[in-house]
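Undergrad: Below is a structure I'd like to ask you about.
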Amino acid sequence: MSLFIESIGFGLITASVLAIAAVGFTVQFGVTDVLNLAYASVMICSAYVAYLINQLGHGQSIWLAMVVAAAFGAVVSLVLNKYIYAPFQRRGTSPVAVVIVSLGVLLIIEYLVQAFEGAANVSYTMTQGATLNFLGLTLTVVQLAIMGLSVVFMIGLHLLLRYTRFGKAMRATAADRVLARNCGIRTDRVITLACLLTGALCGVAGTVFAINTGSFGATSADLFLVLILAAVFLGGPGQPYGAMLGALVIGVVTEVSASVITADYKYVPAFVILLVVLAVRPRGLFSAGTLN
Amino acid sequence: MTALRRLPHAIKVGAILAIGGILLAACSSTTTSTSSTGKYPLVIADLAPFTGVDAALGGFYEASCLAATKAMNEAGGVLGHKLTCATFDTRGDPADAVPATNQMFATEPHLAMVIGCTSDEAASVVPIINSKKMVMFCMTGQSQFDHVHYPYFFRLVPPDLAESYAMVAIAKYYKHYTRIAMAFGNDIGSQTFVQPAIQSLKKAGITLTANVTLDLTATTFRTEAETVVASHPQAIMTEALGSADATFLSEVKQLNGGKMIPVIGTSATISPAWFSSVAGAVGASTLAQNYVADNLVTATSGPEYTPFYDAMQAVKNQVKSLDAGSLQTLLSGPGAVHLFDGMNLAALAMLMAKSTNPSVYKADILKIGDGVPGAVVVHSFAQGKAELAKGKAIRYIGPGGPTSFDSYHDSPGIFQVDGYQANGNVVVLAGITTAHYRAVQ
């Protein structure tokens, strides 16, 4: 029973990291129509940028480094969309082909990171803070901070989408880009800002991912990308609230199944749930429309 | 430009492919020009993971290759040939390793031998290399090679079975533990330790408190770590490369109230990549205080060690992953030591056989490794070459110690207990006696 309760806590940490990544991924997909698999490699690049900042001098604060990583992720995401994906889309390349392009970009970035940083894994210079035991959970201060950060980002995104002109413009662009443009929305500008926003989330996700794993390398996020996709499709592609719920389900089910079945197959139950949900609701749990 | 646009599409595609081919050839990792002696250089292929979770292995083997070939070339090379190293990436995956192996044979007409072939890919590549009649020194302990005869296969590292016994002997006789947990990666190379270790622990009267498998691509192991911590082991036997052990052990430490549970690692954990990764996650001094591993007895000083040390120092700036700390760790790592010996054995065998044909020189590897009556003991390629030139029989003993090949070309050696210092240097803590080893077999 103790391990079961603890595993729920572990699942919440995984879900927190996953939620930041999945929400950024799904909003980017909703606005740009690109299922950007290179998102995982931008995460890792951002994590490395945070590492370089963290290693300056006698060790800089990882939270400061995260801000730089977010800026880096924003710029790289914008560049990828503007100079790689958008030109393909303008030429009428099919969405599936653009996914393959993004897979190619993923591999290129990973190999470049490995070429520059080497094959060895690296870790941030930081402490995890005190270990706290409460309600049967065992969490460190840093893990609680990651969970808090995730909640703040989720609330912030909710407020942005619901109550700001930019949020409404993003939702309109995601729903129907042509109609939005005809209604006077500057969709190109919306896409640019959305890429910056989701890229920043990608940078933050990369940094908290690396904090959470304790050690990371160029290919560390490969399996995590599969979890991101699972969370996104479970909630419904293009659905930020769906991605939040999907991340929660995937994160918690994965860790709980490791405690009650066996750790060897801990990802299996999460993906069985994904298959069942998609069989019943092919467009995911939140299927009303994109970015609603 | 207008004329270009008028060219048929097929010609344009062909031109692009041709230019691509030229560029690829230009970027090739080896030099194919003839040497100053007029003879083509012989190629030693490093067939190992350069990407994927075990990516660090290929780079470290390359360091050993560069060191060995530099020393050989400074001594005049082999039969008028200089030697060079070429790298081929298996990605640590048996399926990816097969095309890499085929590419190696297709692009290297002057291949002299192969090194690397780790447990990740050995099962798929050893039969291919053997069928091509090419000598290989493989870094695999897989038991499937214990009793299958591949004439061109040589191994200076112990079978995993033997290493499992050595780890249990450390737990029983060196540390006096009675409760052990196991956490091995889900890759082929790590999983081969599990069953022999379980049987050996039983024979030693040690309780196995938990046995978890770590998915090397996973990003967190908290539930596995909690399973281990809750079973209250005195130590954890482990090998999980990439970032897995770093993440797992840092989570164990966190869930154990900030206190690290001691670790007994395999010889593969004596590597700069493993040390830097785990030390970064749990703290270097914490790791140094709580880590031991089995390792084959290797020289750390003396005439066997000096040529190896000098050669490694000479190439340390040529391998990106090899900073000063990494080099110090690598000097005791099996990947560097035993492959260095393997390359020297093969090169000396070529001289002895007066042939670079593996079918001709492979028999002399055994003679030079095990020695024949009256053989002069040499500790470097240069010494061996000089003695062979005088017409003498030689026995090569390098930093990995004397070899003793069995009929399957395995030279398992004897074990010792190694540990880390906080700066990553490897220290010898004790020997493992034959009696202790046999008691847990």
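Here the protein sequences come in this chain order: A and B. Heads up: the first sequence begins at -17 in this note's numbering, then just goes up one per residue. Heads up: the second sequence begins at 971 in this note's numbering, then just goes up one per residue. Every residue gets a Cβ at the ideal spot worked out from N, C-alpha and C, and that includes glycine. As the structure is a prediction and not an experimental result, all values here were calculated from the model.
1. Just to check my reading of the structure: B/N1226 and B/V1199 have Cβ atoms closer than 8 Å, yes? What is that Cβ distance to the nearest angstrom?
2. Give a yes or no on whether the C-beta atoms belonging to B/S1247 and A/N103 are separated by under 7 Å.
3. Beta-carbon of B/R1125 versus every beta-carbon of chain A: anything under 7 Å?
4. Assign B/Q1224 to buried or exposed, taking buried as 16 or more other Cβ atoms, counted over all protein chains shown, within 10 Å of its Cβ.
5. Can you check whether the C-beta of B/L1225 is within less than 7 Å of a C-beta belonging to chain A?
6. Considering only heavy atoms of the ligand FMN, does any lie closer than 6 Å to the CB of B/V1330?
7. Start and end of the beta strand (DSSP E) containing B/M1083?
8. Work out the CA separation of A/I210 and A/Y247 for me, nearest whole Å.
9. Suppose only complete runs of 4+ residues qualify. What are the alpha helix (DSSP H) ranges in the stretch 1033 to 1079 of chain B, listed by chain order?
10. Please list, in chain order, all residues of the same chain as B/E1274 whose beta carbon is under 8 Å from its beta carbon, the five residues on each side excluded.
11. DSSP has B/Y1366 in a bridge; who is on the other side?
12. So who's on the other strand from B/E1209, going by DSSP bridges?
13. A/T113 versus chain B: which residues are under 7 Å apart at the beta carbon?
14. Is B/A1041 closer than 7 Å to B/V1285 when the C-beta atoms are compared?
15. Within 8 Å, do at least three Cβ pairs link the stretch 1301 to 1321 of chain B to the stretch 1337 to 1344 of chain B?
16. Measuring only the C-alpha atoms, how far is A/C27 from B/S1302?
17. To the nearest angstrom, how far is the alpha carbon of B/A1188 from that of B/I1158?
18. Let me know the secondary structure DSSP gives B/D1376 once reduced to three states.
19. Comparing alpha-carbon positions, which option in B/D1130, B/L1184, B/V1330 and B/Y1135 lies nearest B/K1103?
20. A/T8 versus chain B: which residues are under 9 Å apart at the beta carbon?
21. Could you check which residue in B/I1098, B/A1093 and B/I1099 has the C-alpha nearest to that of B/S1113?
22. Since B/G1250 meets chain A, which of its residues come closer than 9 Å, beta carbon to beta carbon?
23. Buried or exposed: where does A/V242 fall if 16 or more other Cβ atoms within 10 Å of its Cβ makes it buried?
24. Could you list which residues in chain A have their beta carbon closer than 7 Å to that of B/V1182, in chain order?
25. Taking C-beta pairs closer than 9 Å, name the residues in chain A that B/A1167 reaches, listed in chain order.
26. Which one of A/F11, A/A56 and A/N36 has the shortest CA to CA distance from A/V186?
27. Quick check: what's the CA-CA separation for A/R153 versus A/Y65?
28. Please work out which residues of its chain come closer than 8 Å, Cβ to Cβ, to B/S1255, disregarding the five sequence neighbours upstream and downstream, and give them in chain order.
29. If you draw a straight line from the C-alpha of B/T1403 to the C-alpha of B/A1363, how long is it?
30. Run through the stretch 1223 to 1257 of chain B for me and flag every whole beta strand (DSSP E) of 3 or more residues, listed as ranges in chain order.
31. Using a Cβ-Cβ cutoff of less than 6 Å, which residues in the same chain neighbour B/S1241 once the five nearest sequence positions on both sides are dropped?
32. Give the secondary structure of B/Y1261 by DSSP, where H, G and I count as helix, E and B as strand, and everything else as coil.
33. Taking a cut of 7 Å between CB atoms, which residues from the stretch 1027 to 1048 of chain B lie near chain A?
34. B/C1108 bridges to which residues according to DSSP?
35. Residue range of the alpha helix (DSSP H) that A/I90 falls in?
36. Quick one: measure Cβ to Cβ for B/L1211 and B/D1024, integer angstroms, because I've assumed they're closer than 8 Å.
TA: Well, looking at it:
1. The Cβ separation is near 5 Å, so the contact holds.
2. Between B/S1247 and A/N103, the C-beta spacing is below 7 Å.
3. Output row for B/R1125: interface = no.
4. By the 10 Å Cβ count, B/Q1224 comes out buried.
5. At least one CB atom of chain A sits nearer than 7 Å to the CB of B/L1225.
6. The ligand FMN is not part of the structure shown, which contains no ligands of any sort.
7. In the DSSP assignment, B/M1083 falls within the unbroken beta strand (DSSP E) covering L1081 to G1086.
8. Using only the alpha carbons, I get a separation of about 18 Å.
9. Runs of the alpha helix (DSSP H) lying entirely within the stretch 1033 to 1079 of chain B, each at least 4 residues long, are 1064 to 1077 in chain order.
10. Excluding positions up to five away in sequence, the list reads H1349, I1367, G1368, P1369 and G1371.
11. The partner list for B/Y1366 (beta bridge, DSSP) reads B/V1348.
12. Residue pairing from DSSP places B/E1209 in a beta bridge opposite B/F1154.
13. Within chain B, the residues Q1224, G1227 and G1228 have their CB atoms less than 7 Å from the CB of A/T113, given in chain order.
14. In this structure, B/V1285 lies away from B/A1041, with their beta-carbon atoms at least 7 Å apart.
15. Yes, the stretch 1337 to 1344 of chain B is in contact with the stretch 1301 to 1321 of chain B.
16. If you take the alpha carbons of A/C27 and B/S1302, they lie about 33 Å apart.
17. Using only the alpha carbons, I get a separation of about 16 Å.
18. Assignment of B/D1376 by DSSP, reduced to helix, strand and coil, places it in the coil class.
19. Taking only the C-alpha atoms, the option nearest B/K1103 is B/V1330.
20. Those within 9 Å of A/T8 in chain B number zero; the least Cβ separation is about 19 Å.
21. The shortest C-alpha separation from B/S1113 is found at B/A1093.
22. Simply N103, V104, S105, Y106, T107, G196 and S197.
23. That one is exposed.
24. From the beta-carbon of B/V1182, the residues of chain A found nearer than 7 Å are A245.
25. Going along chain A, no residue has its Cβ under 9 Å from B/A1167, so there is no contact; the nearest lies around 17 Å.
26. Of the candidates A/F11, A/A56 and A/N36, A/A56 places its Cα closest to the Cα of A/V186.
27. Near 23 Å, if we compare the C-alpha coordinates of A/Y65 and A/R153.
28. The beta carbon of B/S1255 sits closer than 8 Å to the beta carbons of A1392 from its chain, once the five residues preceding and following it are set aside; these are given in chain order.
29. Each residue's Cα considered, the two are about 32 Å apart.
30. If we require 3 residues or more, the beta strand (DSSP E) runs fully inside the stretch 1223 to 1257 of chain B come out as 1233 to 1235.
31. G1303.
32. The answer is strand: DSSP assigns B/Y1261 an E or B state.
33. Only those residues of the stretch 1027 to 1048 of chain B whose C-beta falls short of 7 Å from the nearest C-beta of chain A are listed: G1029.
34. Looking at the DSSP assignment, B/C1108 forms a beta bridge with B/G1086.
35. First-last of the alpha helix (DSSP H) with A/I90: P77 to E99.
36. Contact holds; Cβ gap of about 5 Å.
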